[in-house]
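Below is one structure, written out as structure tokens; comments come after it.
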Amino acid sequence: MRTDPPFVQEKYIEAARRVSLVTRDHVDEIERGQKIPDELVTMANDAELFRLYAKQAVGGPELDPFTTYRVMEELARADGSMAWVAMLSTTQTYLTAWLPDDVVREMRAVPGDLRLAGSSRPLGTANVVPGGYRFSGRWDFGSGIEHSTWVMAMCKVLDGDHAGTMRAMFVRPTDVEIIRVWDVMGMRGSGSNDFVAADVFVPSRFTSSFGGELPGAPLLYHPRLMRIVAQAPTAAINIGLGLGLLDAFSELAKGASTTSSSTVLRERRNVQAAFAEATAIVESTRAFVLDSMAESWTIMVDGHADPTDAIARTRLGFVHAARQMMRVGELLFTAAGTSGAFRSVGLERRVRDLHIARLFKAYDDSIAEGAGRILLGLAPQGEGW
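Here the UniProt record's numbering is used: position 32 in the sequence shown is 32, and no number is missing along the way.
Right, dumping it as structure tokens:
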């Protein structure tokens, strides 16, 4: 059954389209520099695209996941790296909901905005000291860290009342050392470098063990929806890349031929069939993702039915999107022949980006297995269901 999503705030989607128009002129620079150019950072920052999930109480947009999905889809349609950096910052600012509001206001006030990078993997350790913690560690995949204003590092607490628990430490980028290791095949502009903290002090109020219920908080921050809210933007990036592949192929097919035939691509029956199949995959996958998200959200709004099956379908939809967009890339890249191999066409960049995005933890095969278990009527195993 299809359920209508909540009201989508068009001004943020329009802002994403404006950023995307400029992004298309910078894709080579993004690839070469392995980070997002300052011009695009400023433009996206001014439109609040790095902090879509920040609470209204601290001056943030507090957007629903449907608007956020659409924003990331638009950004990814132009470039995967630009979308990935905006997504990571947005999902990191989501975690600031578990900090005191006055702390987040202070984070916004200095230096005047809020762009986060960091890692939710507990690769550091923290010790309790007077007034806070001292922590050390090395974290990987710090997407966008070179233009972040704050960094989140997840640590295991070794002593004190919270010994053995995981705790997020929020510090300034100057408190950590960035190790530039990001030289990979796809998402090259995400700048997902390592960062190191060596005995860094952080006040207790700048730390959080997020994930518990927040009394009186909007539905956006409900623990049952946490993974859906955080992972919907990543599914949007995969589908946005799929839409970008359709765009690039359609433009190429208008005039390109191959070494085996002078007939332009779009006049060949095998190419028409491949493009039709790719279009069907993208549009049906997108519908599955958005419909299942709406079902989960609607059940939670109603507050009476058990949302477990709906949540399972939604998370399955995210995995399905990552898998199916890989199929779209294969179909279109093969159908394009040698004409599609050139970097200027934009097919190979998006295919490379999809390969990297597919490795994200939210798309692990175990997620699909867990969803299948629930949909077969068995009790959930693990967290997040």
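No residue lacks a Cβ here, since even glycine has one placed at the ideal position from N, Cα and C.
Here the alpha carbon of residue 289 sits roughly 5 Å from the alpha carbon of residue 317. Under the three-pair Cβ rule at 8 Å, the segment 145-152 counts as touching the segment 168-178.
Per DSSP, residue 206 lies in no beta strand (DSSP E) segment and is marked neither H nor E.
Counted as a single uninterrupted DSSP element, the stretch harbouring residue 36 is not any beta strand (DSSP E), since DSSP gives it neither H nor E. The alpha-carbon separation between residue 188 and residue 303 amounts to approximately 42 Å. With contact defined as three or more Cβ pairs closer than 8 Å, the segment 22-29 and the segment 85-96 are not in contact.
Counting other Cβ atoms within 10 Å of its Cβ, residue 276 stays below 16 and is therefore classed as exposed.
Between residue 268 and residue 83, the alpha-carbon positions lie close to 34 Å from each other. Three or more pairs of CB atoms, one per stretch, sit closer than 8 Å, so the segment 108-124 contacts the segment 140-149. The residues 133, 134, 158, 159, in chain order, have a CB closer than 7 Å to that of residue 127 in the same chain once the five nearest residues on each side in sequence are set aside.
If you draw a straight line from the Cα of residue 374 to the Cα of residue 382, it comes to about 11 Å.
Distance from the CA atom of residue 365 to the CA atom of residue 372, rounded to whole angstroms, is 11 Å.
Spanning the alpha carbons of residue 197 and residue 168 requires a straight line of approximately 13 Å. Residue 115 holds the alpha-carbon nearest to the alpha-carbon of residue 146 among 115, 281, 166, 155. Distance from the Cα of residue 65 is smallest, within the candidate group 359, 283, 230, 248, for 230. For residue 65, the uninterrupted alpha helix (DSSP H) segment begins and ends at 65-78.
Contact check for residue 16 and residue 58: beta-carbon distance about 22 Å, past the 8 Å limit, so the pair fails to qualify. Bridge pairing for residue 118: 152 [DSSP].
In its chain, beyond the 5 residues on either side, 289, 318, 321 have a beta carbon closer than 6 Å to the beta carbon of residue 235. C-alpha of residue 37 to C-alpha of residue 30: approximately 7 Å in a straight line.
When rounded, the separation of the alpha-carbon atoms in residue 203 and residue 166 is 16 Å. Going by C-alpha positions, residue 271 is about 22 Å away from residue 240.
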